[in-house]
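Colleague: Residue numbers for the sequence shown follow our numbering, beginning at 2 and rising by one.
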Amino acid sequence: MKADIKKSAARRLSIIAGQIKGVQDMVGREVYCVDIIAQIEAAREALSGVGSLILRNHLETHVAHDIKHGREKQATEEILKVYKLAQR
Numbered sequence: 002m003k004a005d006i007k008k009s010a011a012r013r014l015s016i017i018a019g020q021i022k023g024v025q026d027m028v029g030r031e032v033y034c035v036d037i038i039a040q041i042e043a044a045r046e047a048l049s050g051v052g053s054l055i056l057r058n059h060l061e062t063h064v065a066h067d068i069k070h071g072r073e074k075q076a077t078e079e080i081l082k083v084y085k086l087a088q089r
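Set out below in structure tokens:
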């Protein structure tokens, strides 16, 4: 994994862990439901951002490597696999 992407992903995941802990606390304190949902959506967006970073890393490293070494079919299959996962 590229060092800059790894560092950014780790930092973001640490923030997300704090958000999840905050949601647990909010549920325990029976905070207003809409406020809890807002925090859940913020964590979901943050997690999506980490997913985008990891995808970028994969495309720039693994997929690019496969294409450079004549494995276009494998690269295409991986891209389609990620696309299908994103459609769920």
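No residue lacks a Cβ here, since even glycine has one placed at the ideal position from N, Cα and C.
1. For the alpha helix (DSSP H) holding leucine 81, just list the boundary residues, first then last.
2. Taking DSSP as the reference, what is the three-state secondary structure of isoleucine 2?
3. DSSP on valine 64, reduced to helix/strand/coil?
4. Just the Cα atoms here: how many angstroms apart are isoleucine 37 and lysine 22?
5. To test your reading of the DSSP string, which unbroken alpha helix (DSSP H) runs of 4 or more residues are found completely within the region 6-63?
Modeller: Here's the rundown:
1. Residue 81 sits at position 80 when you count from the first residue of the sequence shown. Taken as a continuous stretch (DSSP letters only), the alpha helix (DSSP H) holding leucine 81 covers 73-87.
2. As a position in the sequence shown, residue 2 is number 1, starting the count at 1. The sequence given here has methionine at residue 2, not isoleucine. Of the three classes helix, strand and coil, the one that applies to methionine 2 here is coil, per DSSP.
3. Position 63 of the sequence shown, counted from the start, is the residue given in the question as residue 64. Reduced to three states, the DSSP call for valine 64 is helix.
4. Numbered from its first residue, the sequence shown carries residue 37 at position 36. Numbered from its first residue, the sequence shown carries residue 22 at position 21. Their Cα atoms are separated by approximately 12 Å.
5. Every alpha helix (DSSP H) of 4 residues or more that sits fully in the region 6-63 is shown, in chain order, as 34-59.
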